[in-house]
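The sequence shown begins at 0 in numbering that gives the first Met the number 0 and counts up one residue at a time.
Glycine included, every Cβ here is placed at the ideal spot set by N, Cα and C.
Quick caveat: nothing in here was measured; it's all calculated off a predicted structure.
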Amino acid sequence: MLDWTDRHCRVFHRLLSRRARLYTEMVTTGALIHGDRHRHLDFDAREHPLALQLGGSEPADLAACARLAEAWGYDEINLNCGCPSERVQRGAFGACLMAEPALVADGIRAMRDAVGLPVTVKHRIGLGRREDYGFVRDFVGTVAAAGCTVFIVHARNAWLEGLSPKENREVPPLRHDWARRLKADFPALTVVVNGGLAELPDLAAQLQGLDGVMVGRAAYHQPWRLADWDAAFFGEAPPPTALSRDAVEDAMVDYMAGLPATTPWTHAARHMLGLRDGQPGARRWRQIWSDHRLKHTPVREVAAQARQACRDREDAVTPDA
Ligand SMILES: Cc1cc2nc3c(=O)[nH]c(=O)nc-3n(C[C@H](O)[C@H](O)[C@H](O)COP(=O)(O)O)c2cc1C
């Protein structure tokens, strides 16, 4: 997710789930070919399993970027066919690619020829206000014929005119059942559903019949949700840090203290502000971690202040205990 799932965010999420597959922000082929590759591609070994999401449409460029992804050690390359922003439309990629399944298929072929990594697609279920299951079925059929076997379905249309990207994540109706229809029509494919899912029982219900669930906003805003996922979905113990919010915060503080001097700790801290969501003292704790006046204070001092704020608040709300 753009501006959210950068490498610091992903390190933070790894403290909560070992097994959830993490995705980078969308990186355009242009940024990788002409820009600062290390800035866009470097990651920490602990982030695996990790997918690089590409935005682009030119098969030769996609192939070149797929080679970079492989060289950098990513586990998957995911092509964005779901982003509705105007900037993306001008570049002729993102959601508007759903109108060009043959071009997407060429891109998939080019990437698969170039690398041995799994190449996957994230897409919407349609474009504009017209709701037509046949449209997404044909899109998936054409792209699958090029060798893509994993489809992550953000189960609402993208309206390319008249809605902001934010509205495009809220206004077009969700049709999770269309992901099920895709699975029924293409049983050999891996179909992952995305959109509006947060609660564990809802994720579990989707997994009855579908191969995976992708969670975006709920994972970012209430990251503690991730702490249950390894046990619930992979039958594995969670990482030791995921046993308490304090342990997660302590590990993040160690991580932030170890960042190079050129990277302010605030770049990482901003991603963990939801950690104590719903807990006593969460508001005060969040205020301290996001207080601009503290941005030059050493991170361990800020951490001590934040922890104290939680303790004070806990004492204040447990007089009967
Ligand atoms: C801030 C933000 C940035 C996003 N950036 C991307 C992106 O780079 N690539 C992408 O495929 N989807 C992106 N999305 C969409 C999410 O991946 C997801 O499809 C959408 O939010 C619906 O899922 P959710 O209800 O679980 O959040 C973004 C969403 C948000 C809120």
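With distances taken between CA atoms, residue 121 lies nearest to 178 out of 178, 276 and 63.
For the pair residue 139 and residue 169, the Cα-to-Cα distance works out to about 23 Å. Every alpha helix (DSSP H) of 4 residues or more that sits fully in the region 90 to 165 is shown, in chain order, as 100 to 113 and 132 to 144. Judged by beta-carbon spacing, residue 48 lies beyond the 9 Å limit of residue 6, meaning their Cβ atoms are not closer than that value. Residue 127 and residue 185 have their C-alpha atoms roughly 24 Å apart. Nearest in C-alpha terms to residue 154, of all of 160, 113 and 171, is 171. If only complete runs of 4 or more residues are kept, the region 221 to 245 shows the alpha helix (DSSP H) at 228 to 233, in order along the chain. In the three-state reduction of the DSSP assignment, residue 251 falls in the helix class, which pools H, G and I. Residue 52 is bridged by DSSP to 25 and 77. Excluding residues up to 5 positions away in sequence, 273 and 276 lie with their Cβ nearer than 8 Å to the Cβ of residue 220 in the same chain.
Taking 8 Å as the cut-off, the C-beta of residue 294 does not count as close to any heavy atom of ligand 1. The count of Cβ pairs closer than 8 Å, one atom from the region 218 to 234 and one from the region 32 to 45, stays below three, leaving the stretches out of contact. Here residue 123 is buried. Its C-beta has 16 or more other C-beta atoms within 10 Å. Where residue 265 is concerned, there is no enclosing beta strand (DSSP E), although the alpha helix (DSSP H) around it starts and stops at 265 to 268.
Exposed is the label assigned to residue 38, since fewer than 16 other Cβ atoms lie within 10 Å of its Cβ.
Non-local beta-carbon contacts of residue 304 in its own chain, meaning distances under 7 Å to residues more than five positions away in sequence, involve 287 in chain order. Under a 10 Å Cβ-count criterion, residue 229 is classified as buried, with 16 or more other Cβ atoms of the shown protein chains found around its own Cβ. Counting C-beta atoms within 10 angstroms of its own C-beta, residue 240 has 16 or more neighbours from the protein chains shown and is therefore classed as buried. Sequence-distant Cβ neighbours of residue 81 in its own chain, meaning closer than 6 Å and more than five residues away, are 94, 121, 122, 123 and 153. Using a Cβ distance threshold of 9 Å, residue 78 and residue 96 count as a contacting pair.
DSSP places residue 192 in the uninterrupted beta strand (DSSP E) bounded by 189 to 193.
Residue 147 and residue 107 do touch by the CB rule: their CB atoms are close to 5 Å apart, below 8 Å. According to the DSSP assignment, residue 212 belongs to no alpha helix (DSSP H) but to the beta strand (DSSP E) extending over 211 to 213. Across the structure, residue 267 and residue 256 are spaced so that their CA atoms are roughly 10 Å apart. Residue 76 and residue 50 have their C-alpha atoms some 6 Å from each other. Proximity annotation: ligand 1 has residues 0, 1, 2, 3, 24, 25, 52, 79, 81, 82, 121, 153, 168, 193, 194, 195, 196, 214, 215, 216 and 217 in chain order, each selected because its CB is closer than 6 Å to a heavy atom of the ligand.
Look at residue 201 here: in three-state DSSP terms it is helix.
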